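Let me begin by presenting the structure, written as structure tokens, before commenting on it.
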Amino acid sequence: MYIPPNWPWPILRSSVWTMRAKRISFTGGPFPRRGSRPLAGMSTAGSMLGTAVSWGWPGFLCKKKLSGGRSLCFLESSQDGVGPMDDPLIVAADLGGTSFRVALVDRRMNILARSAHFTRPQEGASRAVERIIESIRQTASRSSLERVKGIAVATAGPLDPSRGMILSPPSLPTWRHVPLKDLLRDAFPLPVWVEHDADMAALGEYRFGSGRGFDRLIYLTVSTGIGGGVILDGKLLRGAKVSAAELGHIVIDPNGPPCNCGGKGHVEAMASGTAIARMARERLARGERSSLRERCGDDLGKVTAQLVAEGARAGDTLAREVMREAGTNLGLAVVSLIHIFDPDVVIIGGGVSNAGELLLGPVREVIAERAMEDFRDRARVVQSALGDNSGILGVAAFAFEELGLGC
Ligand SMILES: [Zn+2]
């Protein structure tokens, strides 16, 4: 079997991962290796093709549905090793306050290359944008450049999508009115889109994740802050000028703590990862007993939402109570949202959602206690299926549709 000397193994790994995420039966583990076995339920032909890919065949395993419930598995390959030569690609980026990720995505939503970097917003917008441009250039160069049809960026709001201008996001505190779309267009002769990250994550989940099959959904990302996106009757809810659905800034307690945005008592200040860490730190500083003290080496500055979730999972009382309080606070916002939008499903994503039922359980309890009777059983609360790829896949799908190349 011929394997090109410069075969890009990380690209194959990403592709394998994506296919697994899309529940296409596949052989091999997270990294291709000899001797991998087919997964249960895979057809013989599919197994052979999957094994060929996992052994290093320079192609991509694809699956098409045929009539009668049958499926066809086949390989596609190209000279540059990242899919068929005429297959258009989008460079998609997800720019957050902590990190930004850049990916090369094809029309079947395979992630062909992916890299992650620290944003370092405190260095200022111009330095960060320079590094983003360099990452996009490197990612695009993984393919034939003529196949890249556009650059699509999902980033924190509030922003003005029509001008591609980042306005004043709390997660990028020193950034004010950054014309990201113009800066990227100056660097690349390609169409550029700059869209709200939670909107794009909502779109990603609607098309490819936990929202498939539902026409009305709310997506909430719970990480450093809280963002949101709303799909109504299959369409993304847009604002008149600034992006809509800044759902993290719903007031849930008029006497609550200050929010990063300058407001007070917003759900972001009472249920985000930052809030979870702060609530745990405050209780530890008051001298309450908890295993979190050992977990952070008695340095309260090292307490994070992830540490609290780990403590809660291990049975620590203080950590469990903090996670419960955060979930309850999030639930209060969700109760208002389901009364406003009557969604089929509420999807919780973002890093804190990895806490699973520790966060989602209290949300469901608050709905059962406080929502109007007819709303209680209708709104299902589920975890994001795409994890931190929801924004990347959503903004890539958005760009393909804008180009008239939607799949
Ligand atoms: Zn706020």
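Numbering (our numbering) for the sequence shown: 3 to 409.
Virtual Cβ for every residue (Gly too), placed ideally from N, Cα, C.
The structure presented is a predicted model; accordingly, all values stated were derived computationally and were not measured.
Proximal residues to residue i (C-beta, below 6 angstroms), its chain only, five neighbours per side dropped
| i | result |
| --- | --- |
| A115 | I13, L106, T141 and R144 |
| D217 | D235 and G236 |
| C261 | H268, E270 and A271 |
| R326 | P364 |
| L91 | L106, D108, S145, R149 and V150 |
| R178 | S170 |
| G408 | F402 |
| V194 | I153, K183, L186 and R187 |
| G329 | L361, P364 and V365 |
| T276 | T226 |
| R209 | A399 |
| D89 | D108 |
Nearest-angstrom Cα separation, counted from residue j out to residue i
| i | j | result |
| --- | --- | --- |
| A95 | C263 | 24 angstroms |
| F120 | S101 | 4 angstroms |
| V368 | L334 | 7 angstroms |
| K266 | P256 | 7 angstroms |
| P163 | L286 | 42 angstroms |
| M281 | E359 | 19 angstroms |
| D458 | V150 | Since the displayed the chain opens at 3 and closes at 409, residue 458 lies outside it and no answer follows. |
| I113 | E290 | 46 angstroms |
| I168 | V305 | 30 angstroms |
| R110 | F402 | 10 angstroms |
| P123 | T176 | 7 angstroms |
| L147 | A200 | 29 angstroms |
| F190 | L238 | 28 angstroms |
| D390 | R288 | 35 angstroms |
| C298 | L320 | 14 angstroms |
| E432 | A357 | Because the chain is modelled from 3 through 409, residue 432 falls outside the range shown and cannot be assessed. |
| G303 | E284 | 11 angstroms |
| V232 | A242 | 15 angstroms |
| G166 | L388 | 25 angstroms |
| N301 | G215 | Asn is not the amino acid found at residue 301; the sequence shown has Asp there. Their backbone Cα atoms lie some 46 angstroms apart in a straight line. |
| E312 | E136 | 36 angstroms |
Beta-carbon proximity check, residue i vs residue j, cutoff 8 angstroms
| i | j | result |
| --- | --- | --- |
| G152 | L205 | no |
| E125 | A156 | no |
| V131 | L219 | no |
| A127 | V180 | yes |
| R361 | L332 | Before going on, a small fix: residue 361 reads as Leu here, not Arg. For L361 and L332, yes; Cβs fall inside 8 angstroms. |
| L222 | G99 | no |
| A373 | I342 | no |
| A273 | V324 | no |
| V310 | V383 | no |
| G227 | P172 | yes |
| I138 | L97 | no |
| A118 | R129 | no |
Cβ-based neighbour list, residue i, same chain, cut-off 7 angstroms, excluding 5 preceding and 5 following
| i | result |
| --- | --- |
| S386 | E207, G211, S212, I349, I350, G351, S355 and S392 |
| R322 | A314 |
| S338 | I252 |
| M202 | A156, G393, G396, V397 and F400 |
| D318 | S292, S293 and L294 |
| I254 | G267, V269, M272, N331, L334 and A335 |
| R240 | A246 |
| A307 | G275, I278, A279 and V354 |
| V93 | V104, L106, I138, T141, A142, V150 and I153 |
Bridge-paired residues (DSSP) for residue i
| i | result |
| --- | --- |
| T223 | G229 and G351 |
| V107 | I92 and I113 |
| W195 | A154 |
| K304 | Partner(s): none; K304 has no beta bridge. |
| P260 | K266 |
| Q385 | I350 |
| A118 | R103 |
| K237 | L234 |
| D162 | M167 |
| L97 | F102 and T157 |
| V180 | I168 |
| V253 | H268 |
Cut-off 8 angstroms between Cβ atoms - residues of its own chain near residue i, not counting five sequence neighbours on either side
| i | result |
| --- | --- |
| E248 | G159, P160, G229 and G230 |
| A316 | S293 |
| R378 | I369 and A370 |
| R380 | I340, D344 and D346 |
Any chain B beta carbon closer than 8 angstroms to residue i
| i | result |
| --- | --- |
| K151 | Looking for chain B here will not work: only one protein chain is present. |
Under 6 angstroms, CB to nearest heavy atom of ligand 1: contacting residues: H251, C261, C263, G265, H268 and E270
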